[in-house]
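What follows is a short report on a single structure.
Number of protein chains: 2
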Amino acid sequence: MVYADHYINKLRKSGLRPTKQRIKICEVLFDNDQTFHFTIKELVKIIENQAKIKVSLATVYNTVHAFINKGYLKEIPIKSSVSYYDTNTAHHHHFFDENDGRLIDINHSDVGPIDIQTKIPGKKIKSIEVFVKLEDQK
Amino acid sequence: MVYADHYINKLRKSGLRPTKQRIKICEVLFDNDQTFHFTIKELVKIIENQAKIKVSLATVYNTVHAFINKGYLKEIPIKSSVSYYDTNTAHHHHFFDENDGRLIDINHSDVGPIDIQTKIPGKKIKSIEVFVKLEDQK
DNA sequence: CCCTTAGTTTATAATAATTCTAATGTATCT
DNA sequence: AGATACATTAGAATTATTATAAACTAAGGG
Ligand SMILES: [Mn+2]
Ligand SMILES: [Mn+2]
Ligand SMILES: [Zn+2]
Ligand SMILES: [Zn+2]
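Top to bottom, those sequences are chains A and B.
For the first sequence, our numbering begins at 224 and goes up steadily by one.
For the second sequence, our numbering begins at 224 and goes up steadily by one.
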């Protein structure tokens, strides 16, 4: 549990004004033991449940985008119909359980070095992400 | 270059009636030396350019979905705003050049074995895909 | 403090990809 | 040829996301 002051400072340092909407979204996103993955729809629901204040849908979108730009969230393109976001911004990988559409983190350290033997002229590797699809064990 | 008869047989064997729309889409998708990636919008454009016949947008969507179900196409979730499809259905990986939004195949054999040290109880690995983001070399 | 201003929130409209509907058309089987 | 299940189509509906523009507010200077 972190006090709102912490988020106020964090927002100010990022050049974002600490509005009550943003502070509440920070609490919802970052006041957790665990990082997690979410869609905008899910985030709106969490805010509705936890918060006394109302936050408009537009502000939820705006804030998520602002936080992505600042590096506080990552977008995970796993389904093309809806955007998934991740509060874990460390370099890591994912299981994806297609049965229930759930993403599960794989620590970077739990994946061996990845050896890519193809080169693209004029380009260099910016990041490597592994997606592991799961199915029920027979 | 393959004759239409080939696709007629392929469609029939799949339980899909060989309509002139589906045959034309087969030609556009599979009559190539190289596999490729495409969006629905791009596919519609290719069809418009190559084909004498008109194919409705609904049929393009229907056919792409039918072909995915039959395993003749794969969906590549790389952007959440639009679906990318792949005529390469072999197990392989991808570079993604964020500058121009282009996908480039990486042969399965060009990626070393991937060692995942995390286990999820009751689940087993169905597939492993690697996405490598590219940036311009300094 | 009070103003000013730039940044923010918000309701609502607009956009765009995709899916649905239901009428018309056609491949296939008898 | 006739019956029928499957397929195509135009257009409407849906849904996630973005844009708009008016009202609101945090921040900084006086
Ligand atoms: Mn993640
Ligand atoms: Mn591919
Ligand atoms: Zn994650
Ligand atoms: Zn590919």
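We treat Cβ as the ideally placed atom computed from N, Cα and C, and that holds for glycine.
Got a sec: is the Cβ-Cβ distance from Asp359(B) to anything in chain A below 8 Å?
The beta carbon of Asp359(B) sits closer than 8 Å to some beta carbon of chain A.
Kindly indicate which residue of Ile246(B), Gly294(B), Leu239(B) and Asp320(B) has the alpha-carbon position closest to the one of Asp359(B).
Measuring from the Cα of Asp359(B), the nearest candidate turns out to be Asp320(B).
Specify, as a first and last residue, the run of the beta strand (DSSP E) that Glu358(A) falls within.
Glu358(A) -> beta strand (DSSP E) spans Lys346 to Asp359.
So Gln273(A) contacts chain B; which residues on that side make the cut at Cβ distance below 9 Å?
Using a Cβ-Cβ cut-off of 9 Å, Gln273(A) is close to nothing in chain B; its nearest Cβ partner there is about 25 Å away.
Look at the Cβ atom of Ile351(A), then the Cβ atom of Ile337(A), and state whether they are nearer than 8 Å.
The answer is yes: Cβ separation under 8 Å.
Helix, strand or coil for Asn330(A), going by three-state DSSP, please let me know.
DSSP places Asn330(A) in strand when its eight states are reduced to three.
Alpha-carbon spacing of Thr262(B) relative to Val334(A), whole angstroms
Whole-angstrom Cα-Cα distance: 31 Å.
Helix, strand or coil: how does DSSP classify Asp309(B) here?
It is a strand residue.
Could you tell me the distance, in whole angstroms, from the CA atom of Gln273(A) to the CA atom of Phe354(B)?
The C-alpha of Gln273(A) lies about 36 Å from the C-alpha of Phe354(B).
Three-pair Cβ contact test at 8 Å for the stretch 305-312 of chain A versus the stretch 339-347 of chain A
Judged by Cβ distances under 8 Å, the stretch 305-312 of chain A makes no contact with the stretch 339-347 of chain A, as fewer than three pairs qualify.
Is the closest heavy atom of ligand 4 to the C-beta of Asn330(B) under 7 Å?
Set against 7 Å, the gap from the CB of Asn330(B) to the closest heavy atom of ligand 4 is not smaller.
Please report the straight-line C-alpha distance between Asn318(B) and Thr341(A), rounded to a whole angstrom.
Per the sequence shown, the amino acid found at residue 318(B) is Phe instead of Asn. Going by the C-alpha atoms only, they are around 10 Å apart.
Could you check the C-alpha separation between Thr242(B) and Asn330(A) for me, to the nearest Å?
A direct Cα-to-Cα measurement between Thr242(B) and Asn330(A) gives close to 49 Å.
According to DSSP, is Glu298(B) part of a helix, a strand, or is it coil?
Reduced to three states, the DSSP call for Glu298(B) is strand.
Run through DSSP, which three-state label would Ile339(A) get?
When DSSP states are grouped into helix, strand and coil, Ile339(A) belongs to the strand group.
Among the candidates Lys233(B), Gly238(B), Val267(B) and Lys236(B), whose CA atom is the shortest distance from the CA of Val251(B)?
Looking at Lys233(B), Gly238(B), Val267(B) and Lys236(B), the one whose alpha-carbon comes closest to that of Val251(B) is Val267(B).
Can you give the Cα-Cα distance for Val283(B) and Lys264(A), rounded to whole angstroms?
Straight-line Cα distance between these residues: approximately 29 Å.
Might you give, ordered along the chain, the residues of its own chain that have their beta carbon closer than 7 Å to the beta carbon of Ile269(A), omitting 5 neighbours on each side?
Closer than 7 Å at Cβ, skipping near neighbours: Val251.
Rounded C-alpha distance that separates Ile231(B) from Asn285(B)
Rounded to the nearest angstrom, the two C-alpha atoms are 17 Å apart.
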